[in-house]
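In what follows, a structure is listed as structure tokens, so that the remarks can point back to it.
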Amino acid sequence: MPEGDAIHRIAHTFSSLFEGTQVQASSPQGRFASSAQLIDGHVVVAVRAVGKHMFVAFAAPGLATSVIEQAREIEAEYAARLNSAEAVAALPFTGSSPVWGERAFPSEESLQWLHIHLGLYGSWRFDADERTQDVPASIGAPRTNWVATKGHRHAALKWASYSEDSLYIEDNLAAGEARDIAGQWQAPEPVGQVRLRILSDVAVADVTGPNRCELISDEQRLVTESKLGCDPLQPGASQDPAMRKRFIELVRARKRPVGELIMDQSIAAGVGNIYRAEALFLAGISPMRAGNRLSKARVGQLWDIICELMTRGLEIGRIDTIRPEDQPDPIPEGDEELGRWYIYHRSGRPCIKCGTMISEKLMQNRRLFWCSNCQN
DNA sequence: TTTCCATGAGAAT
DNA sequence: TTCTCCTGGAAAT
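Counting with our numbering, you get residues 561 to 936 for the letters of the first sequence.
Right, dumping it as structure tokens:
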């Protein structure tokens, strides 16, 4: 049940584990078997996340080095444009070279892209050798160290959290689980309906229940990306006046309800049902208000809030929208979700700001929550 | 054991 | 608008 923040996070993790590495690809479930065969033994040369879409580029081993070299050249150009490599290194976690979004990948014919969209209930599951201190070098992504902590087996990585430059995998490795201390790491058996498994010597990633799982060309990848709107998690998005302006224009050009517009992936890429509810609440905007009946200032403020919430979601690894100053203490009995969300899943309970009962109705066949007093 | 539900989205009606 | 696809955990029976 991922929104854009989770996809970007997954892409970064995937990049850290596999970029530059030759991998085995298989389909334990069988439904992706013939396609998996086409990338089995290939090298992961790029990972991208745009909105809720993730793209992974595979190249045959003989070609991977030249592809990666070309990619580094593009990256150097990009760094020069930004006037500093530090600026690139400081970019948020979004997988690899951002510049690839605006330019076709080099050596197009030598590449295949894996396109994954998790839909409503797809998920990734990762496991890795806890002794892996030196994650395979990645293109344009910060180096990360593995720090394994105690926990139960097979917990989803979505609960992992980042801290400075280190990636902490919580609950990912079973404490006390029999592992050969001195020997090789072994991948856990697939659990459930694993459509695709990507495996290296030190890490494994399993996809379950994706809405889309396909191999596409670079051209197709560009077409798919071109249909997506403003992604608040693209590098520098929250500071990018052009993207902010574009979002404002897209919203104000339509008379559909803004609650529909910000879930429209061609307008705001990555926003899902929780961010919709929470951002509109913080912006004080009724989800039913038509896009063309909002001022530039209000839509701009909405964009800023979306960026704030999703960036925090990416950083902490879950969608917790309550700002520190609004955090109830203690959390009211029987209303635990108030510890996380202002509005989402809180219909029939009092608004944290004004006490009005929170409303609920279906919009685009999804449950929509709002405060009829605070939002107008 | 069965039913319901979920942080999607495209196609069909 | 409604249907359809993809899966698994929680809730209801």
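C-beta: ideal position from N, C-alpha, C; glycine also.
- request: Measure from the alpha carbon of Ala-802 to the alpha carbon of each residue in Cys-790, Arg-812 and Ala-813, then state which is nearest.
  value: For the purposes of this step, residue 802 is identified with residue 242 of the first sequence, where counting begins at 1. When each option's Cα is compared against that of Ala-802, the closest is Cys-790.
(request) Would you kindly work out how many angstroms separate the C-alpha atoms of Lys-815 and Asn-833, rounded to a whole number? (result) Against the first sequence, residue 815 aligns to sequence position 255. Against the first sequence, residue 833 aligns to sequence position 273. Lys-815 and Asn-833: Cα-Cα distance of roughly 20 Å.
- prompt: Nearest to Asp-778 by CA position, among Thr-881, Gln-584 and Val-605, is which residue?
  reply: Your numbering for residue 778 matches position 218 in the first sequence. Checking every option, the nearest Cα to that of Asp-778 belongs to Val-605.
Close-in-space but distant-in-sequence residues of the same chain around Arg-755 (CB under 7 Å, 5 per side omitted): The residue labelled residue 755 in the question sits at position 195 within the first sequence. Hits under 7 Å: Ser-587, Gln-589, Arg-591, Phe-592, Val-767, Thr-768, Pro-770 and Cys-773.
Assuming Ser-683 is part of the beta strand (DSSP E), what are its boundary residues? For the purposes of this step, residue 683 is taken as residue 123 along the first sequence, with counting starting at 1. Residues 683-688.
Could you tell me which of Arg-608, Ala-585, Met-614 and Val-610 sits nearest to Asp-600, measuring between CA atoms? Working through the first sequence from its first residue, we reach residue 600 at position 40. The shortest Cα separation from Asp-600 among Arg-608, Ala-585, Met-614 and Val-610 belongs to Ala-585.
Hey, could you find the ends of the beta strand (DSSP E) Ile-776 is sitting in?
-> Numbered from its first residue, the first sequence carries residue 776 at position 216. Note, Ile-776: beta strand (DSSP E), 772-776.
Contacting residues, own chain, Cβ-Cβ under 8 Å from Glu-868 (five flanking each side not counted)
Position 308 of the first sequence, counted from the first residue, corresponds to residue 868. Hits under 8 Å: Ser-798.
- Task: Count the other C-beta atoms from every protein chain shown that fall within 10 angstroms of the C-beta of Gln-935, then say buried if there are 16 or more, exposed otherwise.
- Result: Here residue 935 corresponds to residue number 375 of the first sequence, with the count starting at 1. Classification of Gln-935: buried, given that the 10 Å Cβ count is 16 or more.
_Quick check on Gln-887: buried or exposed, where buried means 16 or more other Cβ atoms within 10 Å of its Cβ?_
Translated into positions along the first sequence, residue 887 becomes position 327. With fewer than 16 Cβ atoms within 10 Å of its Cβ, Gln-887 is classed as exposed.
Is it buried or exposed, Gly-908, if we count other Cβ atoms within 10 angstroms and call 16 or more buried? On the first sequence, position 348 is the one that residue 908 refers to. Gly-908 should be labelled exposed.
- Task: For Thr-625, count neighbouring Cβ atoms within 10 angstroms of its own Cβ and tell me buried if that reaches 16, exposed if not.
- Result: Your numbering for residue 625 matches position 65 in the first sequence. Counting Cβ neighbours within 10 Å, Thr-625 comes out exposed, since fewer than 16 surround it.
Which whole-angstrom value is the C-beta distance of Tyr-902 and Ile-912, which I expect to be below 8 Å?
Locating residue 902 in the first sequence gives position 342, counting from the first residue. Locating residue 912 in the first sequence gives position 352, counting from the first residue. Right, the Cβ-Cβ distance comes to about 6 Å (below 8 Å), so this counts as a contact.
Exercise. Identify, in the order they occur along the chain, each residue of the same chain with its Cβ nearer than 7 Å to the Cβ of Glu-838, setting aside the five sequence neighbours on each side.
Key: The count along the first sequence starts at 1 and reaches residue 838 at position 278. If we look at Glu-838 and ignore the five residues flanking it on each side, its Cβ neighbours are Leu-869, Thr-881, Trp-901, Tyr-902, Ile-903 and Tyr-904.
Original post:
Taking the continuous alpha helix (DSSP H) assigned at Lys-921, which residues delimit it?
Top reply: The count along the first sequence starts at 1 and reaches residue 921 at position 361. First-last for Lys-921: 919-923, but that is the beta strand (DSSP E), not the alpha helix (DSSP H).
**Spatial distance of Ala-850 from Asn-933 (CA atoms)** = Residue mapping note: residue 850 aligns to position 290 of the first sequence, counting from 1. Residue mapping note: residue 933 aligns to position 373 of the first sequence, counting from 1. Cα-Cα distance, rounded: 17 Å.
Item to complete: Go through its chain and collect everything with a Cβ distance to Glu-809's Cβ below 7 Å, but skip five positions before and after it.
Response: Within the first sequence, residue 809 is the residue found at index 249, counting from 1. So the list is empty, once near-sequence residues are dropped.
* Asked: Just reading off the beta strand (DSSP E) that Trp-673 is part of, what are its end residues?
  -> Here the question's residue 673 lines up with position 113 in the first sequence. 671-677 is the extent of the beta strand (DSSP E) around Trp-673.
Would Ile-776 and His-675 qualify as a contact pair, given that the criterion is a beta-carbon distance under 8 Å? Taking the first sequence and counting its residues from 1, the one referred to as residue 776 is at position 216. Taking the first sequence and counting its residues from 1, the one referred to as residue 675 is at position 115. Yes, Cβ-Cβ distance for Ile-776 and His-675 is below 8 Å.
Please check the pair Asp-856 and Arg-812, which I expect to be a contact at CB under 8 Å, by giving their CB distance rounded to whole angstroms. The residue given as residue 856 occupies position 296 in the first sequence. The residue given as residue 812 occupies position 252 in the first sequence. Checking the sequence, you will find Lys at residue 856 rather than Asp. 7 Å between Cβ atoms; contact.
Q) Is Arg-872 helix, strand or coil by DSSP? A) In the first sequence, counting from the first residue as 1, residue 872 sits at position 312. Arg-872: helix per DSSP, three-state reduction.
In this structure, does DSSP put Phe-592 in helix, strand or coil?
By 1-based counting over the first sequence, the position of residue 592 is 32. Looking at Phe-592 - three-state DSSP - the assignment turns out to be coil, as it is neither helix nor strand.
Q | Element boundaries [alpha helix (DSSP H), containing Ser-575] | A | Position 15 of the first sequence, counting from 1, holds the residue named residue 575. Note, Ser-575: alpha helix (DSSP H), 564-578.
Cα-Cα, which of Ala-620, Pro-884 and Glu-885 is closest to Gln-597? For the purposes of this step, residue 597 is identified with residue 37 of the first sequence, where counting begins at 1. Gln-597 has its Cα closest to that of Ala-620, out of Ala-620, Pro-884 and Glu-885.
Between the alpha carbons of Phe-929 and Ile-628, how many angstroms are there, rounded? Translated into positions along the first sequence, residue 929 becomes position 369. Translated into positions along the first sequence, residue 628 becomes position 68. Whole-angstrom Cα-Cα distance: 46 Å.
key: Rounded separation between Leu-678 and Gly-580 - CA only   = Locating residue 678 in the first sequence gives position 118, where the first residue counts as 1. Locating residue 580 in the first sequence gives position 20, where the first residue counts as 1. Their backbone Cα atoms lie some 24 Å apart in a straight line.
If you draw a straight line from the C-alpha of Phe-807 to the C-alpha of Leu-759, how long is it? Mapped onto the first sequence, residue 807 falls at position 247. Mapped onto the first sequence, residue 759 falls at position 199. Distance between the alpha carbons of Phe-807 and Leu-759 is about 39 Å.
Open item on the list: Considering Cα atoms alone, identify which of Ala-828, Leu-680, Tyr-681 and Phe-615 is closest to Leu-782.
Closed with: Locating residue 782 in the first sequence gives position 222, where the first residue counts as 1. Answer by Cα proximity: Phe-615.
Relative to the C-alpha of Ser-826, which candidate in Pro-792, Ser-846 and Lys-787 has its C-alpha closest? Looking up residue 826 in the first sequence gives position 266. Of the listed residues, the one whose Cα sits closest to Ser-826 is Lys-787.
Distance between Tyr-681 and Gln-753 (C-alpha atoms, nearest Å):
What you label residue 753 is simply residue 193 of the first sequence in a count that begins at 1. What you label residue 681 is simply residue 121 of the first sequence in a count that begins at 1. Using only the alpha carbons, I get a separation of about 12 Å.
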